[in-house]
Amino acid sequence: MMDNVYSNIDFIKEEEKSAEIRNSSTRKTSASRMSQRVPSSTLRLLCGLSALCVVLLILNITVTFTKSSPNCSNVMKTEVISDSDSMSTPCPEDWSLFSGKCYYFSNVPVSWEEAKHACEKKKSNLIVINSKTEQDYAVKISLVQYTWIGLTEIDNEWKWVDGTPYKSKQTYWKEGQPNNWSGHLLPGGEDCAQIQFGGQWNDEHCSNPWRYICEKKSEV
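Pasting the structure below:
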């Protein structure tokens, strides 16, 4: 009987030891799992913080770009204006550039006085021919048509409209001209000069309608 009691006691002790061992193992396993969970949660926290930093960085860049956009726009506008200025032409539309001057040829026949006023409205004057080169150019753009130039006779003296001194040796009159021909049967003489067919000058009655050339300095 006593042997059975002792056997039961030993069995109980063994069971208690086994239980303690199992509990110890369970605690170790839980601790191990806990130790594994800690790095995982930390990693998630770090990932969350990183994502937040990225979002904040993007927002900051967006705000900075938005604030700087007007300045960028102004810079672009300035560049466009600068480019536009650099591309500006030295002469107005329908004018041609030659040797630092702008020339306008009108196909509308008018009297010499009307031609003079038309050029003045364009802030220019009837062409004043100062050289053989300019004479040749005037003949070229006149298309070899009768064309008024800025030369008129006042008190028996030929004068350029811009006050340039008239030099008889630097003229391109047709042979026998000016002759102040009176066969036109109009009041007054032939007091205005024109480029004639062949490119030479001729004196003509100022009331007759002819085409004309305006000239002015180029804008650049």
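Going by the working numbering, the first residue of the sequence shown is number 960, and it counts up by one from there. Every residue, glycine too, gets a C-beta built ideally from N, C-alpha and C. Computed from a predicted structure; not experimentally measured.
### Task
May I have the straight-line CA-CA distance separating N1139 from D1150, to the nearest angstrom?
If you number the sequence shown from 1, residue 1139 lands on position 180. If you number the sequence shown from 1, residue 1150 lands on position 191. Roughly 7 angstroms between the two C-alpha positions.
### Task
Below 6 angstroms CB to CB, which residues in the same chain sit around Y1096 once its five sequence neighbours on both sides are set aside?
By one-based count along the sequence shown, residue 1096 stands at place 137. For Y1096, where only same-chain residues beyond five positions count, the Cβ hits under 6 angstroms are F1057.
### Query
What residue from Y1062, E1073, P1124, I1017 has the CA that sits closest to I1100's CA?
Your numbering for residue 1100 matches position 141 in the sequence shown. Of Y1062, E1073, P1124, I1017, the residue nearest in Cα terms is Y1062.
### Query
For W1169 versus Q1159, is the C-beta spacing smaller than 8 angstroms?
Counting from one through the sequence shown, the residue named residue 1169 turns up at place 210. Counting from one through the sequence shown, the residue named residue 1159 turns up at place 200. In this structure, Q1159 does not lie closer than 8 angstroms to W1169 by Cβ.
### Query
beta strand (DSSP E) containing Y1062: first to last residue?
As a first step, residue 1062 is located in the sequence shown; it is residue number 103 there, counting from the start. Looking at the DSSP string, the run of the beta strand (DSSP E) that includes Y1062 is 1060-1069.
### Task
Starting from E1163, follow the beta strand (DSSP E) in both directions and report where the run begins and ends.
Translated into positions along the sequence shown, residue 1163 becomes position 204. Its beta strand (DSSP E) spans residues 1160-1163.
### Message
My parser needs the alpha helix (DSSP H) runs of 4 or more residues fully inside the stretch 1077-1130; what are they?
### Response
1091-1100
### Task
Could you tell me the boundaries of the beta strand (DSSP E) in which C1151 lies?
Counted from its first residue, the sequence shown places residue 1151 at position 192. First-last of the beta strand (DSSP E) with C1151: 1151-1154.
### Query
Exposed or buried, what is A1074 when buried is set at 16 or more other beta-carbons lying within 10 Å of its beta-carbon?
For the purposes of this step, residue 1074 is identified with residue 115 of the sequence shown, where counting begins at 1. Under this definition A1074 is a buried residue.
### Task
Taking all protein chains shown into account, decide if T1106 is buried (16 or more other Cβ within 10 angstroms of its Cβ) or exposed.
Reading the sequence shown from its first residue, position 147 is the one you call residue 1106. Looking at its Cβ environment, which holds 16 or more other Cβ atoms inside 10 Å, T1106 is buried.
### Query
Under the rule that 16 or more other beta-carbon atoms within 10 Å means buried, what is N1115, buried or exposed?
For the purposes of this step, residue 1115 is taken as residue 156 along the sequence shown, with counting starting at 1. The residue in question, N1115, is exposed, as its Cβ has fewer than 16 Cβ neighbours within 10 Å.
### Task
Could you tell me which of Q1129, Q1104, T1111 sits nearest to N1089, measuring between CA atoms?
Taking the first residue of the sequence shown as 1, we reach residue 1089 at position 130. Cα-wise, what sits closest to N1089 is Q1129.
### Separation of Y1171 from F1064, as counted between CA atoms
In the sequence shown, counting from the first residue as 1, residue 1064 sits at position 105. In the sequence shown, counting from the first residue as 1, residue 1171 sits at position 212. Rounded to the nearest angstrom, the two C-alpha atoms are 6 angstroms apart.
### K1133 (DSSP reduced to helix, strand or coil)
Counting from one through the sequence shown, the residue named residue 1133 turns up at place 174. Three-state DSSP puts K1133 in coil, outside helix and strand.
### Task
Would you list the one or two residues that DSSP bridges to E1174?
Taking the first residue of the sequence shown as position 1, residue 1174 is located at position 215. Answer is Y1062, N1084, bridged to E1174.
### Message
Contact defined as beta carbons within less than 8 angstroms: I believe W1132 pairs with Y1125. What is the distance between those atoms, to the nearest angstrom?
### Response
If you number the sequence shown from 1, residue 1132 lands on position 173. If you number the sequence shown from 1, residue 1125 lands on position 166. Not really, about 12 angstroms apart at Cβ, beyond 8 angstroms.
### Message
Within 10 Å of its beta-carbon, does G1147 have 16 or more other beta-carbons around it, so buried, or fewer, so exposed?
### Response
Taking the first residue of the sequence shown as 1, we reach residue 1147 at position 188. G1147 comes out exposed.
### Query
Going by other Cβ atoms of all chains shown within 10 Å of its Cβ, with 16 needed for buried, is N1066 buried or exposed?
Taking the sequence shown and counting its residues from 1, the one referred to as residue 1066 is at position 107. So N1066 counts as exposed.
### Message
Using only the alpha-carbon positions, how far apart do G1135 and D1162 sit?
### Response
On the sequence shown, residue 1135 is found 176 positions in, with the first residue counted as 1. On the sequence shown, residue 1162 is found 203 positions in, with the first residue counted as 1. If you take the alpha carbons of G1135 and D1162, they lie about 10 angstroms apart.
### Query
Where I1113 and V1179 are concerned, what is the direct C-alpha to C-alpha distance, given to the nearest angstrom?
As a working note, residue 1113 is residue 154 in the sequence shown. As a working note, residue 1179 is residue 220 in the sequence shown. Distance between the alpha carbons of I1113 and V1179 is about 34 angstroms.
#### Entry: Distance, G1142 Cα to K1081 Cα
As a first step, residue 1081 is located in the sequence shown; it is residue number 122 there, counting from the start. As a first step, residue 1142 is located in the sequence shown; it is residue number 183 there, counting from the start. Their Cα atoms are separated by approximately 34 angstroms.
### Message
Please report the distance separating the alpha-carbon of P1049 from that of L1110.
### Response
One-based indexing of the sequence shown puts residue 1049 at position 90. One-based indexing of the sequence shown puts residue 1110 at position 151. Using only the alpha carbons, I get a separation of about 26 angstroms.
### Message
Determine whether the beta carbon atoms of K1176 and G1059 lie at a separation below 8 angstroms.
### Response
Against the sequence shown, residue 1176 aligns to sequence position 217. Against the sequence shown, residue 1059 aligns to sequence position 100. Cβ distance < 8 angstroms, so K1176 and G1059 count as in contact.
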